[in-house]
Amino acid sequence: MDCVSAEGRALEVDHIVPRNLAAPTIRPTFRHSATRAMKRDRDMTDSRSTAARYRERSDGCIFCHIEHWRIIAESELMVAIKDAFPVADGHSLLIRKRHVASSNDLYQPEINAMWARAANVRVELSAANGMITFFNFGSNDGVSAGQTVMHTHFHIIPRRDGDNPEEGGD
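With positions in the sequence shown counted from 1, the corresponding number in my numbering is that position plus 44.
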């Protein structure tokens, strides 16, 4: 039997898998990660460096060093700020705290946090201004797509009826 320290066991990346799916009338039981570890059926991903990645900042990146007074909302994984060059009143940005240039390199918790924060910002903006009817959500991923700050971020743009001359088109 492998001797796994408590710290090592906590770092194991494992999925809970039903032991028996053959009998749908019986409530499935779940395997404990320690049992799976003994059977050597585990993911060898070392997650110890993940926490340190969230503290990384890039010198010269304006989104890695945001002044606290600009932040309108914050979570462990991201901040929300008002866009410095808004295309509409209330235009906000959701910015990952971890420096990463492409949205393709985001961790799933960052994606989940972004959508949760986007929902919160949308509700807050709508409550503050009853003229807001819809929103544009978007991200430019890469120079060819129009990304100018190479730190992935997400735009939330409140829209009001009649503010877009091309209204109705995709």
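Glycine residues also receive a C-beta, built at the ideal position from the N, C-alpha and C atoms.
(1) Excluding the 5 residues flanking G186 on each side, which residues of the same chain have their C-beta closer than 6 Å to its C-beta?
(2) For I200, which option in A162, D149 and S147 has the closest C-alpha, if you only look at C-alpha atoms?
(3) Using beta-carbon positions only, say whether T196 and S146 come within less than 8 Å of one another.
(4) In angstroms with no decimal places, state the Cα-to-Cα distance between R203 and H135.
(5) Bridge partners of R204, per DSSP?
(6) Mark H109 as exposed unless 16 or more other C-beta atoms lie within 10 angstroms of its C-beta, in which case mark it buried.
(7) I139 and F181: beta carbons closer than 8 Å?
(8) For K126, count neighbouring Cβ atoms within 10 angstroms of its own Cβ and tell me buried if that reaches 16, exposed if not.
Judging by the given coordinates:
(1) none
(2) Closest option to I200, Cα to Cα, is A162.
(3) yes
(4) In this structure, the alpha-carbon of R203 lies about 9 Å from that of H135.
(5) I176
(6) exposed
(7) no
(8) exposed
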